[in-house]
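Comments concern the structure below.
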Amino acid sequence: MRNRYLDLLRAVAIVRVVVYHLFGWPWLSIVLPAMGIMFALAGSLTAASLDKRGAGNVVVSRLRRLLPPLWLLGLIAVPVMLALGWAHESDGTHPFSPEKLVLWVVPIADPPGSDKGVDIWDPLWYVRAYLWFVLLSPVLYAAYKKVGWVVVAAPIVAIAVLDKTGFSLPDAADAAMWDFVTFGACWIVGFAHHDGRLARTRPAAVLGAAAVLGAAALYWLRGHAGEDGYDLNDVAESQALWSLAFVLLVLRWQPPMGWLGRIRPLDRTVSLLNARAVTVYLWHNIAIDAVWPVLTVLALDDVGHLTDPVELATALAITGGAVLAFGWVEDLAARRRPRLLPLTADSSASPVAARPAGGAAATRRHDNEAGSAAAGRLSDPAPVEARPAAEGWAAAGGLGRQERPENGRHDGFEIGGPANRAAESVPVSRGPATFGPAPHGPIPWNAATMPQPQQRTDIGTPPAEYEWDGPQGLDLDRGSASHDPHWPARRRDPGGPSTGRSSVPWFGGESGES
Numbered sequence: 434m435r436n437r438y439l440d441l442l443r444a445v446a447i448v449r450v451v452v453y454h455l456f457g458w459p460w461l462s463i464v465l466p467a468m469g470i471m472f473a474l475a476g477s478l479t480a481a482s483l484d485k486r487g488a489g490n491v492v493v494s495r496l497r498r499l500l501p502p503l504w505l506l507g508l509i510a511v512p513v514m515l516a517l518g519w520a521h522e523s524d525g526t527h528p529f530s531p532e533k534l535v536l537w538v539v540p541i542a543d544p545p546g547s548d549k550g551v552d553i554w555d556p557l558w559y560v561r562a563y564l565w566f567v568l569l570s571p572v573l574y575a576a577y578k579k580v581g582w583v584v585v586a587a588p589i590v591a592i593a594v595l596d597k598t599g600f601s602l603p604d605a606a607d608a609a610m611w612d613f614v615t616f617g618a619c620w621i622v623g624f625a626h627h628d629g630r631l632a633r634t635r636p637a638a639v640l641g642a643a644a645v646l647g648a649a650a651l652y653w654l655r656g657h658a659g660e661d662g663y664d665l666n667d668v669a670e671s672q673a674l675w676s677l678a679f680v681l682l683v684l685r686w687q688p689p690m691g692w693l694g695r696i697r698p699l700d701r702t703v704s705l706l707n708a709r710a711v712t713v714y715l716w717h718n719i720a721i722d723a724v725w726p727v728l729t730v731l732a733l734d735d736v737g738h739l740t741d742p743v744e745l746a747t748a749l750a751i752t753g754g755a756v757l758a759f760g761w762v763e764d765l766a767a768r769r770r771p772r773l774l775p776l777t778a779d780s781s782a783s784p785v786a787a788r789p790a791g792g793a794a795a796t797r798r799h800d801n802e803a804g805s806a807a808a809g810r811l812s813d814p815a816p817v818e819a820r821p822a823a824e825g826w827a828a829a830g831g832l833g834r835q836e837r838p839e840n841g842r843h844d845g846f847e848i849g850g851p852a853n854r855a856a857e858s859v860p861v862s863r864g865p866a867t868f869g870p871a872p873h874g875p876i877p878w879n880a881a882t883m884p885q886p887q888q889r890t891d892i893g894t895p896p897a898e899y900e901w902d903g904p905q906g907l908d909l910d911r912g913s914a915s916h917d918p919h920w921p922a923r924r925r926d927p928g929g930p931s932t933g934r935s936s937v938p939w940f941g942g943e944s945g946e947s
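Under our numbering, the first residue of the sequence shown carries the number 434, and numbering increases by one thereafter.
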């Protein structure tokens, strides 16, 4: 069962990325640091998978969801850029080089592209950054489990060291290094969200840390503002501190989410954005470039004070067309049945509970309590790590337990994980007997106290793997990323993504599976 609060966070971040790239409003980077949110969600989901499967399987699964949508974009975009003269550009940022086209297959560095196609390849820094986070996650998670919050602080300390020493690498490696130190703390906070460490931290400590980090971010931004003023995407140091503060707050507390299901259009929109996060991320910038040509053809290029709403509606409509045309690749990558418009959560991602033994009364209790959990009425994360129902249930009182499924596959999503899956178990009581997660096997019971012999019964089916199909952030396990467009209305950051810091400036948002 999906965690709709995390789905909502991802959906809002994706929309924020599109709006930021369309209008270039710098204050959006402060109101909602979407990229930090997406990396944090992806980190949480990756940690969930690492707790259930081998590191190699997890890495392959994440990349399997991330790369096919990129390959489809490359199959279309690279020939178009070549047809528009990429091979003959003499002074482009990325001169044509056949051997570098392999980066469109495995983007360990930014995939290249022509100057005319800048809005095609410019956002792909996030795909590259996400790939490296996934590859490094087994090591990062092992370190986190040993020393905890020290690992969260390490990227922030690294930024201070880089600023103090002036250390740098060649362009491609420097970009990857700066992306890592800028968003690495958010990714690792995702680990703390998954294992409950963040939920167990005292509220006063979280609030205090967020206040100090936020104040430091704004103080540094005040003295190092970029050409667009107070835009966090121009200043890696402030972006890192502000994003970390924001993520600590939004992941520490989870509000009730029962209201979302009662607003059907919004609920379906959230589901759609999560299921197509990678597609939205990869294609929305191209859609933005097509806005004014389309409006000109429709004779709507002069609409007066309605310009902004018309631009936004047109950009969303063109992006929606890309979702219809190319979104099916995300389903194939996630090994799901292709759907044209996934307006509801994939049925394979939600367990269908069987009726518990014990008569009609037990059945009603099970339905009511499970329904409450599904509606998102758990407002505060449990202080102890919860395990999905599929990991094993034990019961005293003769109700039995469910065994681990044969394939052992019931981890959450990611390009978004435990973050996207409701991991809380739903207790079902029947007199003295209580169902709950039993990570180490059945709860010992005394046969003399049991009203009937213990028997096995299925009380639920394991949820299918739930990974963020979207910049999963692109848990693009389901997530998205952002960049600064080059049109005057959507300025380009100095230096471009290849400088290392530009990857921070232009995104500010998130990644799709984001």
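Quick reminder that beta carbons are idealized off the backbone N, C-alpha and C, glycines included.
Owing to the predicted nature of the structure, the values given are computational and were not obtained by experimental measurement.
Exercise for the section: List the endpoints of the continuous alpha helix (DSSP H) containing glutamine 672. Expected result: Residues 669-685.
Practice task
Could you tell me which residues DSSP pairs with glycine 662 in its beta bridges?
Solution key: Glycine 662 is bridged to Gly659.
Practice task
Can you check the stretch 559-610 for any alpha helix (DSSP H) of at least 4 residues that lies completely inside it and give the ranges in chain order?
Solution key: The stretch 559-610 is shown to contain whole alpha helix (DSSP H) runs of 4 or more residues at 582-598, in chain order.
Practice task
Keeping to the same chain, check which residues put their C-beta closer than 7 angstroms to that of threonine 615; ignore five residues upstream and five downstream.
Solution key: Within the same chain, Ala669, Gln672, Ala673 and Val937 come within 7 angstroms of threonine 615 by CB-CB distance, once the 5 residues on both sides are set aside.
Practice task
Using three-state DSSP, classify arginine 435 as helix, strand or coil.
Solution key: DSSP, read as helix, strand or coil, puts arginine 435 in strand.
Practice task
Look at the Cβ atom of valine 743, then the Cβ atom of proline 502, and state whether they are nearer than 7 angstroms.
Solution key: Not a contact, by the Cβ cut-off of 7 angstroms.
Exercise for the section: Give the straight-line distance between the Cα atoms of lysine 680 and histidine 738, rounded to the nearest whole angstrom. Expected result: Reading the sequence as shown, one finds valine at residue 680 and not lysine. Spanning the two alpha carbons is a distance of roughly 36 angstroms.
Exercise for the section: Measure the C-alpha to C-alpha separation of isoleucine 589 and glycine 599 and round it to an integer number of angstroms. Expected result: Each residue's alpha carbon lies about 15 angstroms from the other.
Practice task
Measure the alpha-carbon distance for alanine 446 versus lysine 533 and round it to whole angstroms.
Solution key: Taken atom to atom, the span from the alpha-carbon of alanine 446 to that of lysine 533 is near 31 angstroms.
Practice task
With DSSP as the reference, label leucine 517 as helix, strand or coil.
Solution key: In the structure shown, leucine 517 adopts coil according to DSSP, grouped into three states.
Handout entry: Same chain, Cβ closer than 8 angstroms to leucine 517, neighbours up to 5 away in sequence not counted
Key = Apart from the 5 residues on each side of it in sequence, leucine 517 sits with its Cβ closer than 8 angstroms to the Cβ of Ser547, Lys549 and Gly550 in its chain, given in chain order.
Exercise for the section: To the nearest angstrom, report how far apart leucine 745 and alanine 467 are at their CA atoms. Expected result: As the crow flies, the alpha-carbon of leucine 745 is around 18 angstroms from that of alanine 467.
Exercise for the section: Check whether the Cβ atoms of alanine 510 and histidine 627 sit closer than 7 angstroms, and answer yes or no. Expected result: No; because the gap between Cβ atoms is not below 7 angstroms, this pair is not in contact.
Practice task
Would you mind stating whether arginine 685 and valine 639 have Cβ atoms separated by less than 7 angstroms?
Solution key: The answer is yes: Cβ separation under 7 angstroms.
Exercise for the section: Express the C-alpha separation of valine 513 and glutamate 763 in angstroms, rounding to a whole number. Expected result: Those two C-alpha atoms are separated by around 23 angstroms.
Handout entry: Integer-rounded CB distance, given that leucine 557 should sit under 8 angstroms from aspartate 543
Key = Yes, they are in contact, since the Cβ atoms of aspartate 543 and leucine 557 sit about 6 angstroms apart, within 8 angstroms.
Exercise for the section: On a CA-only basis, which of Val493, Ser704, Thr634 and Arg443 is nearest proline 775? Give me that one, please. Expected result: If we check each option's Cα against that of proline 775, Ser704 comes out closest.
Problem - Rounded separation between isoleucine 553 and isoleucine 541 - CA only - result: The alpha-carbon atoms of isoleucine 553 and isoleucine 541 are separated by roughly 17 angstroms.
Exercise for the section: Give me the Cα-Cα distance between leucine 461 and alanine 475, rounded to the nearest whole angstrom. Expected result: Rounded to whole angstroms, the gap between the alpha carbons of leucine 461 and alanine 475 is 21 angstroms.
Problem - Residues near isoleucine 621 by beta carbon distance below 7 angstroms, same chain, minus five either side - result: Result list for isoleucine 621: Gly476, Leu573, Tyr577, Val584 and Val585, in chain order.
Exercise for the section: Mind reading off the beta-carbon distance from alanine 488 to proline 571? Whole number of angstroms is fine, and I expect it under 8 angstroms. Expected result: Confirmed, Cβ separation roughly 4 angstroms.
Problem - As assigned by DSSP and simplified to three states, the class of leucine 442 - result: Three-state DSSP puts leucine 442 in a helix.
Problem - The alpha helix (DSSP H) enclosing glycine 457, as first and last residue numbers - result: No alpha helix (DSSP H) contains glycine 457, which DSSP labels as neither H nor E.
Exercise for the section: Go to serine 704, then tell me how far its alpha helix (DSSP H) extends in each direction, as first and last residue. Expected result: In the DSSP assignment, serine 704 falls within the alpha helix (DSSP H) that extends over 697-708.
Exercise for the section: Assign glycine 791 to one of two classes, buried (16 or more other C-beta atoms within 10 Å of its C-beta) or exposed (fewer than that). Expected result: Only weak support exists for where glycine 791 lies, its pLDDT of 37 falling under 50; the coordinates are left without a value.
Problem - Neighbour-count burial assignment, lysine 485, 16 or more Cβ in a 10 Å radius - result: By the 10 Å Cβ count, lysine 485 comes out buried.
Problem - Cβ contact check for the stretch 750-758 and the stretch 713-720: 3 or more pairs under 8 angstroms - result: The stretch 750-758, when compared against the stretch 713-720, does touch it at the 8 angstroms Cβ threshold.
Handout entry: Proximal residues to glycine 662 (C-beta, below 7 angstroms), its chain only, five neighbours per side dropped
Key = Result list for glycine 662: Pro459, in chain order.
Exercise for the section: Compute the distance between the beta-carbons of valine 580 and arginine 495, then report whether it is under 7 angstroms. Expected result: Note that the C-beta distance between valine 580 and arginine 495 is not below 7 angstroms.
Exercise for the section: Over the uninterrupted alpha helix (DSSP H) stretch that includes glutamate 522, give me the two end residues. Expected result: Boundaries cannot be given for glutamate 522, as no alpha helix (DSSP H) includes it and DSSP labels it neither H nor E.
Exercise for the section: Assuming alanine 767 contacts arginine 443 (C-beta within less than 8 angstroms), just tell me the rounded distance between them. Expected result: For alanine 767 against arginine 443, the beta-carbon gap comes to about 15 angstroms, at or over 8 angstroms, which does not count as contact.
Exercise for the section: Taking 7 angstroms as the cut-off, decide whether the C-beta atoms of alanine 723 and alanine 678 are in contact. Expected result: For the 7 angstroms CB-CB criterion, alanine 723 and alanine 678 do not form a contact.
Practice task
Would you kindly report the start and end of the unbroken alpha helix (DSSP H) that includes isoleucine 541?
Solution key: Note, isoleucine 541: premise wrong, no alpha helix (DSSP H); not H, not E.
Practice task
Let me know the secondary structure DSSP gives phenylalanine 529 once reduced to three states.
Solution key: DSSP places phenylalanine 529 in coil when its eight states are reduced to three.
Practice task
Output the boundary residues of the alpha helix (DSSP H) element that contains leucine 745.
Solution key: Here the alpha helix (DSSP H) through leucine 745 covers 740-759.
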